[in-house]
Amino acid sequence: MRSLAVRRRREWALAYALVIPALVIFAVFTFYPFIQNFKLALYQNPPYPGLPSHFVGLSQVTSTLTSTSFLQSLESTFEFVLLVVPIGLFGGLMLALAAHKKLKGMAIYQVIFSSTVVSSVAVAAVVFGTLMDPVVGLLPWLGLNPHPAILSNPTWALPAVAVIAIWQFLGLSFIIMTAGLQSMPEEVLEAARLDGARAPTMFFRVTIPLLSPTIFFGLVIGTIYAFQSFGQIDILIGPQNAAFTHTNVLLYYVYTALSVQNNPGLAAVLSIVLFVILLSVTLLQFRFLERRVHYASN
Amino acid sequence: MPATEVQATTRPRSHSRKATLKTVLRYAFLTLGAFIVLFPVYMAVVNSLLEPSQIAHQPPPFFPTNPQWHTYPDAWKGGSLGIYLRNSAIQTAIIVAGQLVTSILAAYAFAFLDFPFKRAIFFAFLMTLMIPFEVTVATNLTTVTSLGWFNTFPGLTVPFLATGFGVFLLRQAFLQIPRDLKEAAQLDGYGHMRFLWSVAIPLARPAIAALGVFSFLGAWNQYLWPLLVTGNNNAVRTVQIGLKQLLNTQLDQINVSLAGTIIAIAPLVLLLIVFQKQLVRSLTAGAVK
Amino acid sequence: MAKVLFEGVSKRFGDVAAVDQLDLEIADGELLVLLGPSGCGKTTALRMVAGLEEVSDGSLSIGDDVVNDVDPKDRDVAMVFQSYALYPHMTVARNIEFPLRQQRMDAAERTAKVAEAAGTLGLGELLDRKPGQLSGGQRQRVALARAIVRDPKVFLMDEPLSNLDAKLRVQTRADIVSLQRRLGTTTIYVTHDQVEAMTMGHRIAVMQGGKLQQVAPPEELYERPANTFVAAFLGSPGMNLLEAERVGDKLITPAGEINVPEHLSAVLDGPVTLGIRPEGLHLSTSGLAGTILLVEMLGAETQVHCSLEGGATVVVRQGHDAQRPTLGDPVVVGVDAAALHAFGPDGTRVAGT
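Protein chains in written order, with my numbering: chain A, 24 to 321; chain B, 3 to 291; chain C, 10 to 362.
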């Protein structure tokens, strides 16, 4: 016979034992580096590796935030996100609507449309890199061969990598939209049909509002995805490319600051900016969109 | 009334004709979509089988008239793809297993146990979802290097052995297990660990499978971290980084690079076909209640 | 086999006492029904015996041992849950075997015990099915089999029939009773259904607001309710209650007067609450005045709801050959004074009646 207090304490011990593995990983590899960023941002690394970094206060933060390359990077990032998210979501929605019908062969279409979700960024980059190659690709045949070549072209390089990201995002977007459509209450659609609603009315007055939580979810996920893509750029463009400054999205900037420029201070400042942007974009979306979103009552 | 009679007899036919037309248009749209999605991959397969002389040919060949199957063994050998795939498999297996174990354990504690600071710890787990891994790489690289893990499997995997998303997904699944089952097992003498093993895990299997697929995708397709933490030898380099290498070193042999790409993507295509349902479930876990 | 003893047992959730100072002894081999409306504390009392709720105050014993601090698994009790709590991923055989796997017992012995329990409940054909493939009644029997297979000291049943349809409920009621009588295992049975309570229990303990109201065999509970709550709760419909005042040899109510019956004449004085079962009332020419409110024809009998002058409502039970009254008609309700119960101002039965 054990007293209640002992038994309760044993339950606590068990609970901590279960939680601690995850908690330790998070503490070391998420919370500590996250907090460390704020310290690193205050220290500047000398231009020659090997020398110790020294405390510079906020000057590194202000100089980074006002630098041309940062502003250029910010602009590229938003341009990239604004290309990828709306087009990816709209494409996914169209495909999902078309495939959401009990007809022969729909299962095959659904596998095809969701397939790009398994493609890695490296795979997508290699596949599209070939198609966009000025010599072996399809562009000359299509009569679209800008000079300099599309992936070295300051104007076209960013849209070109955005196309790759859209293609990759399409699968996830399709899956999200399909799940949303499948969870839509069938009776509401039938009631609207019985009320004599025509197709466009149905779409804008019934389907879209009912699907709005799903679209909202897709928007949040898509935005996070777009802010975190840079592999296509690293593989297809790279720091030596003429189009580099126009495709240097924020996360790629973090990577080059770290591994090309060897500058953790700069990388920390950029990381904080990236975090603040992601957090505020997510919160903004929740604030302005969630309110208008129609949630079907359960 | 004759007017309604006429309507009644003609309407179904025109209606069905319209429906047929709509169905045809629907299939046309779907096929166009499938074409757009698959075309890049199809061209990669075609290009991987071309003779070197055909590659730069304009207009580009859309069908390999004389398929060069040897590009696949070439890519396998020349690009050390075998090693990369093995590394990716090891890295992915460790991450998937680790995430499943840590998530199951923590989710069980949050779902079935009471302990001090439960809410605070849960909130901390929630916070990890708001911090993308990318903003922590700078310090993590230092940490991993100082632990002597640079260019090792621990360095590649340990930072990913826990996932906030996984804890939430499984906690949700565990909470759906009726309380009565836990109490019945308790009366029958089953402690927490035995209940977890013989009841909770079997009942949460769909969610666990979904998390497994999700972790697999995430781990296999990792790019930034392997790029930073793997060295210049092939000891632990994963296939994603290997592909970049392949592209850089074999510029003159695009067909071989593409063959390598196809090899690298094959395991995932298989995964997609086999685990389609779990995949959809895991990717939409937050979308629909 | 063991008795269960509550001595001043309370369970508090914050400031609310779900069970308040419960004193109750369940004899070895008895089937005791805990009866009461939802939220009366009967399930909490049961869960304290199981060890699923801690005892806040008092002492709870099973057999000769105080079990307040004993782990549920060490109490040797088996519980049948309202939801049955079957493991959906295990076969019927595995479900029944589950409690045994925790004990040191070889496989052959386990299989024999499972077969025996399954045979007792007629589940022999279903051993390989999963709970999802069973009907409600079959699931219920699996839950029972899982409880008996362990041969525990005490069975705890928490509304085990409430998920069955009416017909099956009657059958299963009888099955549980005969099973309990045969095994002779002490059983605590929680229900809010008084028909179940009346037909199954050796004794019934009625609870309300966390407090024990009365514990007695079914007949006594019906014939001598200890207070107005028990009087009104038992029977369908429950006992009619009327406010009255004794003046001389009359009981005065707003709707009319009743002669003080012999069995009450020595004990009544001043204000009193009179209780009378519907079968103690009849439509008559002399008695209490009112109007017909509702007539419910139930086949063998008819229940006539009357609104008496002064506001009280009473139900009169009529045989099916009686003439059926018309709604809204004035009526006079005759009282069989010998069947009157009397309760004091605090609601408890007047002593000596």
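Glycine included, each C-beta is placed from N, C-alpha and C at the ideal position.
**Request:** Give, in chain order, every residue of the segment 60–88 of chain C whose Cβ lies closer than 9 Å to some Cβ of chain B.
**Result:** The residues in question are Gly60, Leu61, Asp80, Pro81, Lys82, Asp83, Arg84, Val86, Ala87 and Met88.
**Asked** Which two residues bound the contiguous alpha helix (DSSP H) that contains Ile238(A)?
**Response** Element bounds for Ile238(A): Ile231 to Phe250.
**Request:** Kindly indicate if chain B contains any beta-carbon less than 8 Å away from that of Ala121(A).
**Result:** Among the residues facing chain B, Ala121(A) is included, as its CB has a counterpart in that chain under 8 Å away.
**Request:** Work out the CA separation of Leu116(A) and Ser142(A) for me, nearest whole Å.
**Result:** Near 20 Å, if we compare the C-alpha coordinates of Leu116(A) and Ser142(A).
**Prompt:** Would Leu189(B) count as contacting chain C if we go by Cβ distances under 8 Å?
**Reply:** Output row for Leu189(B): interface = yes.
**Item:** Residue environment, Ile275(B), which counts as buried when at least 16 other CB atoms sit within 10 Å
**Value:** When all chains shown are included, Ile275(B) counts as exposed.
**Asked** Buried or exposed: Gln263(A), going by 16 or more other Cβ atoms within 10 Å of its Cβ?
**Response** Its Cβ having fewer than 16 others within 10 Å, Gln263(A) is exposed.
**Prompt:** Within 8 Å (strictly less), CB to CB, does Pro169(C) reach chain B?
**Reply:** No, Pro169(C) lies away from the interface with chain B (no Cβ there is under 8 Å from its Cβ).
**Prompt:** Does the beta carbon of Ser47(C) sit closer than 8 Å to a beta carbon anywhere in chain B?
**Reply:** When Cβ-Cβ separations below 8 Å define contact, Ser47(C) makes no contact with chain B.
**Prompt:** Candidates Leu289(A), Phe298(A) and Leu301(A): which alpha carbon is nearest Leu81(A)'s?
**Reply:** Of the listed residues, the one whose Cα sits closest to Leu81(A) is Leu289(A).
**Request:** Indicate the three-state DSSP secondary structure (helix, strand or coil) for Phe52(A) in the structure shown.
**Result:** The answer is helix: DSSP assigns Phe52(A) an H, G or I state.
**Message:** Cβ closer than 7 Å: which chain B residues qualify as neighbours of His98(C)?
**Reply:** Those are Pro204 and Leu205, listed as they occur along chain B.
**Prompt:** Gly299(C) and Ala264(C) look like a contact to me (Cβ under 8 Å); what is the Cβ gap, rounded to whole Å?
**Reply:** That pair is a contact at about 6 Å.
**Prompt:** Comparing the CB of Asp74(C) with every heavy atom of the ligand HEM, is any distance shorter than 7 Å?
**Reply:** Ligands displayed in this structure: none; no statement on the ligand HEM is therefore possible.
**Prompt:** Which chain A residues sit within Cβ distance under 7 Å of Asn49(B)?
**Reply:** Correct list: Thr153.
**Message:** Under 8 Å, Cβ to Cβ, is there at least one residue of chain B near Pro108(C)?
**Reply:** Yes, because at least one Cβ of chain B sits closer than 8 Å to the Cβ of Pro108(C).
**Message:** Measuring only the C-alpha atoms, how far is Ala211(B) from Leu128(B)?
**Reply:** For Ala211(B) and Leu128(B), the gap between their C-alpha atoms comes out near 22 Å.
**Residue nearest to Leu198(B) in terms of C-alpha spacing, selected from Pro118(B), Phe119(B), Ala113(B) and Ile256(B)** = When only C-alpha atoms are compared, the closest one is Ala113(B).
**Counted within 10 angstroms of its Cβ, other Cβ atoms place Ala126(C) as buried (16 or more) or exposed** = Counting other Cβ atoms within 10 Å of its Cβ, Ala126(C) reaches 16 or more and is therefore classed as buried.
**Asked** Which residues in the same chain have their Cβ closer than 7 Å to the Cβ of Leu181(A), if we skip the five residues on either side of it in sequence?
**Response** Result list for Leu181(A): Ser99, Glu102, Phe103, His269 and Thr270, in chain order.
**Prompt:** Are three or more beta carbon pairs between the segment 291–305 of chain C and the segment 313–324 of chain C nearer than 8 Å?
**Reply:** They touch, by the three-pair rule.
**Message:** For Ala261(A) and Phe253(A), what's the separation of their Cα atoms in angstroms?
**Reply:** The question names Ala, but residue 261(A) is Gly in the sequence shown. So the alpha carbons of these two residues sit roughly 10 Å apart.
**Residue ranges of each alpha helix (DSSP H) within the segment 230–291 of chain C, 4 or longer** = Segments of the alpha helix (DSSP H) lying fully in the segment 230–291 of chain C: 237–242 and 271–274.
**Message:** Any beta carbon of chain B sitting closer than 8 Å to that of Glu210(A)?
**Reply:** Not a single C-beta of chain B is nearer than 8 Å to the C-beta of Glu210(A).
**Nearest to Gly35(B) (by Cα), restricted to the options Leu65(A), Gly194(A) and Thr178(A)** = The option with the nearest alpha carbon to Gly35(B) is Gly194(A).
**Request:** Give the interface partners of Glu136(B) over in chain A, defined as CB-CB distance under 8 Å, in chain order.
**Result:** Residues of chain A passing the Cβ test: Gln251, Leu274, Val277, Ser294 and Leu297.
**Prompt:** Using the C-alpha atoms, what's the distance from Leu106(A) back to Phe239(A)?
**Reply:** Rounded to the nearest angstrom, the gap between the Cα atoms of Phe239(A) and Leu106(A) is 17 Å.
**Message:** Do Val123(C) and Glu106(C) have their beta-carbon atoms positioned less than 8 Å apart in this structure?
**Reply:** In this structure, Val123(C) lies closer than 8 Å to Glu106(C) by Cβ.
**Prompt:** Hey, is the segment 183–198 of chain A in contact with the segment 133–148 of chain A, meaning 3+ C-beta pairs nearer than 8 Å?
**Reply:** They touch, by the three-pair rule.
**Prompt:** Going along chain B in order, which residues have a C-beta closer than 9 Å to the C-beta of Lys124(A)?
**Reply:** Neighbourhood of Lys124(A) in chain B, by CB distance below 9 Å: Thr25 and Arg28, in chain order.
**Prompt:** What's the gap between the Cα of Leu149(B) and the Cα of Val51(A)?
**Reply:** Rounded to the nearest whole angstrom, the C-alpha separation of Leu149(B) and Val51(A) is 12 Å.
**Prompt:** How about Val137(B) and Phe250(A): are their beta carbons less than 8 Å apart?
**Reply:** Not closer than 8 Å, so no.
**Message:** Buried or exposed, going by whether 16 or more other CB atoms sit within 10 Å of the CB of Arg333(C)?
**Reply:** It counts as exposed.
**Prompt:** Do you know how far the Cα of Asn172(C) is from the Cα of Gln9(B)?
**Reply:** For Gln9(B), the pLDDT reaches just 44, beneath the cut-off of 50, and the residue's location in the model is therefore unreliable, leaving the point undetermined.
**Prompt:** How about Thr94(B): is its C-beta nearer than 8 Å to some C-beta of chain A?
**Reply:** Residue-level contact check: Thr94(B) does not touch chain A, since none of the beta carbons of chain A fall below 8 Å from its beta carbon.
**Request:** For Asn321(A), I'd like the list of residues in its chain whose CB is within less than 7 Å of its CB, leaving aside the five on either flank, ordered along the chain.
**Result:** Note that Asn321(A) scores a pLDDT of 33, beneath 50, so its modelled location is shaky and nothing firm can be said.
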